[in-house]
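Comments concern the structure below.
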Amino acid sequence: MSEFTTEYLQSIVFERKKVDIEHIVSSISSESGLSDEQVLSSRESHGSNYKKPPKFISIVISNAKSNLTILNILLAFACNIQNGQFIGNYFYLSFTIISTLIFQSALTHFFYQKRNTKQISVIRKQKVNIQFQDLVMGDVIQCYPSTPLPDSVLISDSLLTVQKFCAQKKQIKNVEFPFILNGSVSRGSGRVIVTAVGENSFQERKGRNFGFLVQRK
């Protein structure tokens, strides 16, 4: 565990250097996983995999950036409310937009909560079930269909197919130790070692909601 550092793994994921992947695999036992002491040490050093859902204001800003009409309507609505003015259909249009954004925010929180509390199998001396948000860097995940995957490196598989957030599928075949960034298992089984969790994950750092594979060349 001493050679298993954040900097070493991030140099792989973010810079995509050619490295000795076997070194990562050999530094953590795929059969016994992390010990209790290693789990605590990893959590203290790198945190857990809990991901906070975006705040309502962030969702509003995101939608406003993609559609300036929404921004103009919301600003006009705020001005009208401040002045005590309510203009017929214009008011109802603004109310509808705000209601939609509130619903979107609630739905986003629901899916974040559902993903955070998803039960997955990890190897910690023995196979145990934990919540997705309790993963730590270095955990060995036993993958099955529908298993959510954090940033990780595949160490063994049986025709594993990863479903990516960009709604495409790619079967992991004839690729030695591919990197997986933010996906879920569609078919097959296998084991992966977690390379980044929570705020240190690729998705959180890049601020995008998608996943893909980085293959070793």
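Each residue of the sequence shown is one higher than the last, beginning at -4 in the working numbering.
The beta carbon of each residue, even a glycine, is placed where N, CA and C say it ideally should be.
I'd like to check one pair, residue j with residue i: are the Cβ atoms closer than 8 angstroms?
| i | j | result |
| --- | --- | --- |
| I188 | V131 | no |
| V117 | G185 | no |
| N124 | K46 | no |
| S196 | D146 | yes |
| G193 | S37 | no |
| H104 | P48 | yes |
| S25 | S151 | yes |
| R119 | V34 | yes |
Please classify residue i as buried or exposed, where buried requires at least 16 other C-beta atoms within 10 Å of its C-beta.
| i | result |
| --- | --- |
| Q137 | buried |
| F106 | exposed |
| L149 | buried |
| R89 | First, the residue type needs correcting, since residue 89 is Ser and not Arg in the sequence shown. Its Cβ being crowded by 16 or more others within 10 Å, S89 is buried. |
| S30 | exposed |
Taking the straight line between their C-alpha atoms, what separation do you get for residue i and residue j?
| i | j | result |
| --- | --- | --- |
| S43 | K109 | 16 angstroms |
| Q126 | Q114 | 5 angstroms |
| L96 | Q121 | 44 angstroms |
| L102 | P140 | 24 angstroms |
| S40 | A191 | 12 angstroms |
| E32 | R182 | 33 angstroms |
| K50 | I92 | 17 angstroms |
| G178 | F98 | 25 angstroms |
| S94 | Q128 | 30 angstroms |
| Y87 | I175 | 45 angstroms |
Secondary structure at residue i, three-state DSSP: helix, strand or coil?
| i | result |
| --- | --- |
| V135 | strand |
| R186 | strand |
| I92 | helix |
| I150 | strand |
| N111 | helix |
| V221 | The structure shown does not extend to residue 221, since the chain is modelled only from -4 to 212, so the question has no answer here. |
| G42 | coil |
| I52 | helix |
| G193 | helix |
| L102 | helix |
| I23 | coil |
| N169 | Because N169 sits at a pLDDT of 44, beneath the cut-off of 50, its placement in the model cannot be relied upon, and the following sentence gives the value as read from the coordinates. It is coil, neither helix nor strand. |
Indicate whether at least one CB of chain C lies closer than 8 angstroms to the CB of residue i.
| i | result |
| --- | --- |
| P143 | Protein chains in the displayed structure number just one, and chain C is not present. |
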